[in-house]
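Every number in our numbering is 162 more than the matching position in the sequence shown, counting from 1.
Beta carbons are placed, not taken as given, at the ideal position from N, Cα and C, and that holds for glycine.
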Amino acid sequence: MEGLTTVRAYKAQPILKHEFDRHQDVYTSAKYTSVCVKNAFLFFMETTSVLFNVFIICRFLFWDTESAAGDVGLTLTAASTLTMVLQFGLLQWSEVENLMTSVERVMEYTKIDPEVTTGLETPNWPTAGKIVYKDVSLKYTKTNEKVLRNINFTVEPQEKIGIVGRTGAGKSSIISTLFRLYDHEGTITIDDVDTKTLSLNYLRQHISIIPQDPIMFSGTIRTNIDPLKEFADEEIWKVLHKVNLDSKVPNLDTQVEDTNFSSGERQLLSIARAIVRRNKIVVLDEATANMDHETEKMVQKAIDDNFGSCTVFIIAHRLDSILNCNKVMVLNKGEIIEYNDPKTLLSKKNSSFSKMLRYAKLAIES
163 MEGLTTVRAY KAQPILKHEF DRHQDVYTSA KYTSVCVKNA FLFFMETTSV LFNVFIICRF
223 LFWDTESAAG DVGLTLTAAS TLTMVLQFGL LQWSEVENLM TSVERVMEYT KIDPEVTTGL
283 ETPNWPTAGK IVYKDVSLKY TKTNEKVLRN INFTVEPQEK IGIVGRTGAG KSSIISTLFR
343 LYDHEGTITI DDVDTKTLSL NYLRQHISII PQDPIMFSGT IRTNIDPLKE FADEEIWKVL
403 HKVNLDSKVP NLDTQVEDTN FSSGERQLLS IARAIVRRNK IVVLDEATAN MDHETEKMVQ
463 KAIDDNFGSC TVFIIAHRLD SILNCNKVMV LNKGEIIEYN DPKTLLSKKN SSFSKMLRYA
523 KLAIES
C-alpha cells in the first residue's frame with residue numbers, strides 16, 4: 163500500500179480504518195441493493211414465464227381439447243422460446259440502462275472545450291530565461307474565487323527561486339500558469355515573449371519539470387531519456403555520466419523494468435531527461451522529498467552541477483533546501499507576501515520566512 167509508512171508514522175491507522183469501513187459500508191449497501199434488485203427481476207421474469215406456459219397448457223387441456231399432438235408440441239416449444247428471448251432482451255436492456263452512466267460521462271468529456279494548441283514557434287527561444295509575471299490571477303472554476311491574486315514578480319536569467327507556503331497557498335498554481343495548464347488573467351512573458359501567443363506544445367517542450375515522483379516510461383533507457391529520439395547515443399551516455407548512472411546501465415536498450423533502480427536513481431534518470439533537453443527553464447517540484455540524506459545529497463549535487471546556467475523554480479516543504487536560492491517567494495492564500503533573497507528575509511525576525519524556518523527547526527528538534 164502506498165503511503166503506509168506515513169500513516170504509521172503519524173499513527174493515523176484508526177482514522178483511516180474508520181474511513182475505510184465507512185466507504186466499504188456505502189459500497190456494500192449499494193452492491194447489496196443492486197444484487198437484490200437483479201435477483202428480484204429474474205424471479206419476476208421466471209414466474210411470468212412459468213405462468214405463461216401454464217396458461218398455454220391449460221388452454222389445450224380445457225378449451226382446445228381437439229388440437230393435434232403436433233400442434234400442441236409446436237405451440238409449447240414456441241412459447242418456451244419466446245419467454246427465453248423476452249427474458250434475455252429485458253436483461254440486456256437493464257444492463258444498457260446501468261451502463262448509460264458511462265455514456266453520460268463520455269458525452270460530458272466531448273463537450274469540454276479543447277485546448278488551443280496553435281500559436282507562434284519563435285526560433286531559438288528562450289535564450290536567457292527571464293520570466294516576468296504581471297497581474298496574473300487564476301481561478302479553476304467559473305466562480306469568482308481566485309487561487310492566485312494579482313501575482314507580480316520578475317525572475318532574472320539563471321536565478322534560482324524557492325517557492326514556499328502552506329498547503330493550498332498557490333505554489334503549484336503558479337507553476338501551472340507557467341505551463342499554461344489553465345487559462346489565466348494577466349501576462350506571463352519569457353524573454354519578452356508572451357506565453358499566450360506561443361504554441362502550447364512548443365511552450366511546454368521548452369520548460370523542463372522534475373516532479374517529486376519520477377515518471378518512468380515503459381521501455382528502454384534510451385526512450386526514457388530521449389522519448390522523441392532527437393539525440394545521438396553519445397549525448398545520452400554523456401548525460402548518464404553527469405548523473406553517475408553510466409555504471410548502472412549496461413546499454414541503452416536495457417528495459418527500465420530490468421534495472422532495479424532505487425527511488426533516488428529514478429530521480430537521477432528524470433534529471434538526465436531534463437539535462438539532455440538543454441532547456442533554459444527548469445521546475446523542481448519537491449524533487450528531493452521523501453529521500454534519505456545520502457540520496458538527497460546525490461540528487462542535489464546533480465541538480466547544482468547541471469542547472470547552473472538555467473532559471474530554476476524550486477517548490478519545497480523542506481526549507482533548508484532553498485536557503486541557497488537567489489530569492490525566496492512566500493505565498494499565502496494565492497498572494498505573494500514576501501519575495502526577496504533568503505538573507506534579507508532571515509534578517510527580519512518577524513518575516514513569515516523566518517517564522518517558518520524557526521518552526522521547522524523546532525519541529526525537527528522535538
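Does residue i come out as helix, strand or coil in the three-state DSSP assignment?
| i | result |
| --- | --- |
| E396 | helix |
| I513 | In the sequence on display, residue 513 carries Ser and not Ile. S513: coil per DSSP, three-state reduction. |
| T329 | coil |
| L524 | With a pLDDT of 46 at L524, under the threshold of 50, the predicted position of this residue should be treated as unreliable, and no value is reported. |
| K296 | strand |
| S196 | helix |
| N406 | coil |
| Y364 | helix |
| V216 | helix |
| L310 | strand |
| N468 | helix |
| T303 | coil |
| G348 | strand |
| N201 | helix |
| K343 | A quick correction: the sequence has Leu, not Lys, at residue 343. Three-state DSSP puts L343 in coil, outside helix and strand. |
| E181 | helix |
| N502 | strand |
| L252 | helix |
| D233 | helix |
| G165 | coil |
| E277 | coil |
| M262 | helix |
| S424 | coil |
| K173 | coil |
| K391 | coil |
Tell me which residues share the same chain as residue i and place their Cβ nearer than 8 Å to its Cβ, disregarding the 5 neighbours each side in the sequence.
| i | result |
| --- | --- |
| E307 | K301 |
| L407 | E427, L430, L431, A434 |
| I498 | I313, N314, F315, M491, V492 |
| I526 | A caution first: I526 carries a pLDDT of 42, below 50, which makes its placement in the model unreliable, though a value can still be read off. Excluding positions up to five away in sequence, the list is empty. |
| N386 | M378, F379, V418, L431, R435 |
| K210 | Position check: residue 210 holds Thr in this sequence, whereas Lys was assumed. Answer for T210: T245, listed in chain order. |
| E500 | V490, M491, V492, L507, S513, S514, F515 |
| D356 | T349, I350 |
| L519 | L481, L508 |
Quick one: residues in its chain with C-beta nearer than 7 Å to the C-beta of residue i, no 5 flanking neighbours on either side, listed in chain order?
| i | result |
| --- | --- |
| L252 | M207 |
| K322 | V474, I476, C487, N488 |
| G332 | V309, L310, L493, G496 |
| K296 | N314, G348, T349 |
| S516 | L507, L508, K510 |
| S528 | Reliability of the predicted coordinates at S528 is poor, the pLDDT of 39 falling under 50, and the value obtained from them is presented with this limitation in mind. Contacts found: none. |
| R366 | F341 |
| L524 | The pLDDT assigned to L524 is 46, lower than 50, so where the model puts this residue is not dependable; a value taken from the coordinates is nonetheless given after this. Result list for L524: empty, nothing under 7 Å. |
| F214 | A241, T245 |
Output yes or no for whether 9 Å exceeds the beta carbon distance between residue i and residue j.
| i | j | result |
| --- | --- | --- |
| E318 | T506 | no |
| G324 | S483 | yes |
| K489 | N502 | yes |
| I437 | V405 | yes |
| S370 | V294 | no |
| R311 | K495 | yes |
| S361 | T421 | no |
| H368 | W255 | no |
| S425 | M460 | no |
| T339 | V278 | no |
| L414 | I383 | yes |
| G330 | K442 | no |
| L282 | T359 | yes |
| A241 | I274 | no |
| M178 | V169 | The sequence as given places Leu at residue 178; Met does not occur at that position. Yes; because the gap between Cβ atoms is below 9 Å, this pair is in contact. |
| V326 | A174 | no |
| T289 | D353 | yes |
| G470 | Q320 | yes |
| D447 | S334 | yes |
| F393 | K410 | no |
| F222 | V234 | yes |
Going by DSSP, which residues form a beta bridge with residue i?
| i | result |
| --- | --- |
| D447 | I477 |
| I323 | F475, K489 |
| Q417 | T382 |
| V317 | I293 |
| E228 | Paired residues: none, contrary to the question. |
| N494 | E497 |
| D356 | T351 |
| M370 | Residue 370 is actually Ser in this sequence, not Met. In DSSP, S370 forms a bridge with V444. |
| L282 | L360 |
What does a CB cutoff of less than 6 Å around residue i pick up in its chain, not counting 5 residues either side in sequence?
| i | result |
| --- | --- |
| A451 | Q374 |
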